[in-house]
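There are 2 protein chains.
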Amino acid sequence: MKKTPNISEAEWEVMKVLWSTSPATANDIVKKLSGKTHWKRETIRTLINRLVQKKALAFEKKGRQYHYFPLVTESECVKAETKSFLKRFGKSSVEPMLAAFVEEEKLSPERLGRLRRILKEAAEKNKKK
Amino acid sequence: MKKTPNISEAEWEVMKVLWSTSPATANDIVKKLSGKTHWKRETIRTLINRLVQKKALAFEKKGRQYHYFPLVTESECVKAETKSFLKRFGKSSVEPMLAAFVEEEKLSPERLGRLRRILKEAAEKNKKK
DNA sequence: TTGTAAATGTTACGCTTGTAATAGTAAGGA
DNA sequence: TCCTTACTATTACAAGCGTAACATTTACAA
């Protein structure tokens, strides 16, 4: 059970890019992010550097540029975040949270179905035990 | 749609105390928290003061001591947090998150039932529309 | 070989957080 | 009335974060 580094909100955006396509150069990342954010190139570079320091990213030198790639997987990180989220709010908040999910994001029927299946399975396993 | 203040992790612990019993004096809060944390009284007082500044708490002077009470409800805050959580991870993470919830916290059958009902209702509303 | 543009590295700065220590004030007992 | 004690208020300080500007290096073109 490795410890995932603590990734801040802004840094998370950078990670998302790398999780969707890696390796990528700093410029690739800047390009992808400039659609979604207003950050300056320098800002993004700072974020990248911090992620390298935190060992969330690594790079390979290819001539003059660095090709970055993630050192942790997205699901690892989501899981860790979920855990700390839960710890923070306590289980009494699970319902309001789920309600907010459902309400906030118009979940597609497929997704809803999958969510329901998860719960159903949990319920069954529960009973069996 | 009022804006809930930004409550940090440590501050959240203080809020939890007040949500469960309010009003309470600083000392009440300290007492309750000393079971769960190792924070010094001063630390807790700092947290309380910050929460007052952020308008998450208010107080009433009663003689020499202040009686604190929350200005925001727990469900409001949970909702806001959930929203930003979702925004951060994107909806593609909802399933892994729910899976982690279920796995992490052994949810009671009752709770599971309630969760399932939430989803069921959402599914029906979805269909109708 | 040397200048230039592109890439990387270093430094900055104010805000929030975690974690307190210390100072000020007021109320009640001697 | 004056002191002690129990509260509250002010100040501290380092690490993390958001947001950059400025400096340095280096590969390639002229």
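Chains A and B, in that order, are what the protein sequence lines are. Numbering-wise (this note's numbering), the first sequence opens with residue -8 and increments by one. Numbering-wise (this note's numbering), the second sequence opens with residue -8 and increments by one. Don't be surprised by glycine CBs; every beta carbon is placed ideally from N, CA and C.
Within 10 angstroms of its Cβ, does residue i collect 16 or more other Cβ (buried), or is it exposed?
{"i": "T28 of chain B", "result": "exposed"}
{"i": "K23 of chain B", "result": "buried"}
{"i": "S84 of chain B", "result": "buried"}
{"i": "E2 of chain A", "result": "buried"}
{"i": "P100 of chain B", "result": "exposed"}
{"i": "E4 of chain A", "result": "buried"}
Residue i touches chain B at which residues, Cβ-Cβ below 7 Å?
{"i": "F60 of chain A", "result": "The contacting residues do not exist; F60 of chain A stays about 20 Å from chain B at best."}
In chain A, what lies closer than 7 Å to residue i by C-beta?
{"i": "W3 of chain B", "result": "R79"}
{"i": "R105 of chain B", "result": "E86"}
{"i": "F76 of chain B", "result": "F76"}
Any idea which residues DSSP pairs residue i with across the strands?
{"i": "F60 of chain B", "result": "B:A49"}
{"i": "T16 of chain A", "result": "A:H58"}
At a Cβ threshold of 7 Å, is residue i touching chain B?
{"i": "T28 of chain A", "result": "no"}
{"i": "A113 of chain A", "result": "yes"}
{"i": "V69 of chain A", "result": "yes"}
{"i": "A47 of chain A", "result": "no"}
Could you work out which residues of chain A lie near residue i, taking near to mean beta carbons separated by less than 8 Å?
{"i": "R102 of chain B", "result": "K82, V85 and E86"}
{"i": "L110 of chain B", "result": "L89, V93, L103, L106, R107 and L110"}
Please list, in chain order, the chain A residues whose beta carbon lies closer than 9 Å to that of residue i.
{"i": "T64 of chain B", "result": "Correct list: empty, because the minimum Cβ distance to chain A is about 10 Å."}
{"i": "E0 of chain B", "result": "S75 and R79"}
{"i": "L9 of chain B", "result": "Those within 9 Å of L9 of chain B in chain A number zero; the least Cβ separation is about 14 Å."}
What in chain B is Cβ-close to residue i, meaning under 8 Å?
{"i": "T73 of chain A", "result": "P87, M88, A91, F92 and E95"}
Our contact map puts residue i next to residue j with C-beta atoms below 8 Å; I'd like the distance itself, whole angstroms only.
{"i": "A49 of chain A", "j": "F60 of chain A", "result": "6 Å"}
{"i": "L89 of chain B", "j": "L106 of chain A", "result": "6 Å"}
{"i": "V69 of chain B", "j": "P87 of chain A", "result": "5 Å"}
{"i": "Y57 of chain A", "j": "T(-5) of chain A", "result": "Contact doesn't hold; Cβ gap of about 22 Å is too wide."}
At a CB-CB cut-off below 9 Å, which residues of chain B make contact with residue i?
{"i": "L38 of chain A", "result": "What L38 of chain A touches in chain B: nothing, since even the nearest Cβ is about 15 Å away."}
Please tell me whether, using a cut-off of 6 Å, the distance from the CB of residue i to the nearest non-hydrogen atom of the ligand ATP is below it.
{"i": "R79 of chain B", "result": "Looking at this structure, you won't find the ligand ATP or any other ligand, since it has none at all."}
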